[in-house]
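Okay, so here's the structure we're looking at.
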DNA sequence: TACATTTACTTGCAAAAAGCAAGTGATTTT
DNA sequence: AAAATCACTTGCTTTTTGCAAGTAAATGTA
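Chains as they are written, first to last, in the UniProt record's numbering: chain A, 1 to 137; chain B, 1 to 137.
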């Protein structure tokens with residue numbers, strides 16, 4: 001558990017202290033858009049996160065109340081990671097990040113359908129994603 | 001100039017490679033919301049960024065096409081930093097980050113007015129902020 | 001019931017990045 | 001002409017990241 005000093009009262013700074021590193025939002029993305037929920041699944045991300053870094057980020061996300069660990073229904077060797085309400089509230093940020101990237105880089109095929117939905121009805125997409133995630137709480 | 005290898009084709013990953021560190025979005029915030037535009041002003045941020053780090057982040061933001069350096073109208077000892085179109089397109093992300101933080105931390109007085117505007121009319125706020133920034137291009 | 005496998009991590013060490021304090025050189029002000 | 005401002009740079013220490021290997025509990029397999 002590393003507690004870092006608050007750098008300022010700015011809300012942007014507050015947010016970046018919670019998820020402003022190279023990995024946290026990718027983990028959130030996987031929990032949110034890719035329906036991953038175990039350590040092993042998260043470790044197999046395209047970006048190849050090192051296992052110690054994954055463990056560290058999962059801990060800090062948990063300490064920041066963005067994710068929570070639960071018993072896995074299938075096996076007690078597994079751990080179920082899921083977004084809390086606070087974590088699900090990051091959906092609009094993830095959506096905007098996707099939309100920004102869409103303007104400035106090529107989107108891979110497998111993400112195009114999601115982008116199309118975000119563009120067609122941003123609010124609807126967010127509400128729907130939220131609803132699906134809340135089913136697991 | 002540091003060129004980093006692309007970690008994956010994911011748009012979220014692409015975005016984080018451009019601004020996914022502890023400082024870049026704070027610099028963008030200052031250029032966007034606090035109307036700072038010189039190295040000296042940016043160096044005086046609440047978060048007290050070290051000058052070498054500031055220089056490094058400004059360079060990487062420039063390399064990523066998010067900001068650009070211009071001649072300062074007042075003096076050639078000064079440099080004018082400003083957001084490019086690509087940088088201005090980060091406004092929706094900055095807005096969502098502010099709104100997320102508002103739910104989970106106390107907002108300082110001096111930011112409350114901006115938050116009120118974002119809440120009252122998000123689209124209008126974004127359009128207006130964009131218009132103001134474009135005046136300087 | 002033994003043995004290999006899966007799962008979620010931890011450990012040790014090297015490399016990279018961040019952070020601090022001081023310095024530099026070109027303007028600009030006095 | 002000297003002092004101050006401005007935008008950085010440099011050298012060095014501390015912190016974080018990343019890689020490779022290891023561990024312990026739970027589960028699957030012969």
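For each residue, glycine too, the CB sits at the ideal point set by N, CA and C.
Would you mind telling me which residues of chain B sit closer than 7 Å to residue i, beta carbon to beta carbon, in chain order?
i              : result
residue 67(A)  : What residue 67(A) touches in chain B: nothing, since even the nearest Cβ is about 14 Å away.
residue 124(A) : Those do not exist, as residue 124(A) stays about 16 Å from chain B at its closest Cβ, beyond 7 Å.
residue 98(A)  : 11 and 12
residue 8(A)   : 46 and 47
residue 107(A) : 11
Are residue i and residue j closer than 8 Å when you measure CB to CB?
i              : j              : result
residue 90(B)  : residue 28(B)  : yes
residue 38(B)  : residue 79(B)  : yes
residue 67(A)  : residue 33(A)  : no
residue 46(B)  : residue 10(A)  : yes
residue 83(A)  : residue 133(A) : yes
residue 120(A) : residue 12(B)  : no
residue 93(B)  : residue 93(A)  : yes
residue 70(A)  : residue 130(A) : no
residue 65(B)  : residue 86(B)  : yes
residue 42(A)  : residue 81(A)  : yes
Find the residues of chain A that neighbour residue i, judging by a C-beta separation of less than 7 Å, and give them in chain order.
i              : result
residue 50(B)  : Simply none; closest approach about 12 Å.
residue 104(B) : 86
residue 121(B) : The premise fails here: residue 121(B) is roughly 14 Å from chain A at the closest Cβ pair, so nothing lies under 7 Å.
residue 89(B)  : 100 and 103
For residue i, return the contacting residues in chain B, with the cut-off set at a CB-CB distance below 9 Å.
i             : result
residue 53(A) : Within 9 Å Cβ-Cβ: nothing; residue 53(A) doesn't reach chain B, min ~13 Å.
residue 29(A) : 10, 12 and 13
residue 57(A) : The premise fails here: residue 57(A) is roughly 13 Å from chain B at the closest Cβ pair, so nothing lies under 9 Å.
Bridge partners for residue i per DSSP, in chain order?
i             : result
residue 69(A) : 81(A)
Taking 7 Å as the cut-off, is the C-beta of residue i nearer than that to any heavy atom in the ligand SAM?
i             : result
residue 67(B) : The ligand SAM is absent from the structure shown, which contains no ligands of any kind.
Under 8 Å Cβ-Cβ, which residues of chain B neighbour residue i?
i              : result
residue 101(A) : 11, 12, 14 and 15
In chain A, what lies closer than 8 Å to residue i by C-beta?
i             : result
residue 94(B) : 12
residue 25(B) : 12, 16 and 20
Review point. Three or more beta-carbon pairs under 8 Å between the segment 50 to 66 of chain B and the segment 107 to 118 of chain B, yes or no?
Key: no
Review point. At a cut of 8 Å, does the segment 10 to 21 of chain A reach the segment 21 to 36 of chain B through at least three beta carbon pairs?
Key: yes
Exercise for review: Note down, one range per segment and in chain order, each alpha helix (DSSP H) of at least 4 residues found wholly within the segment 2 to 52 of chain B.
Suggested key: 11 to 19, 24 to 32 and 39 to 43
Practice item. Taking only runs that begin and end inside the segment 85 to 109 of chain B, name each unbroken alpha helix (DSSP H) of 4 or more residues, in chain order. Key: 85 to 88 and 91 to 104
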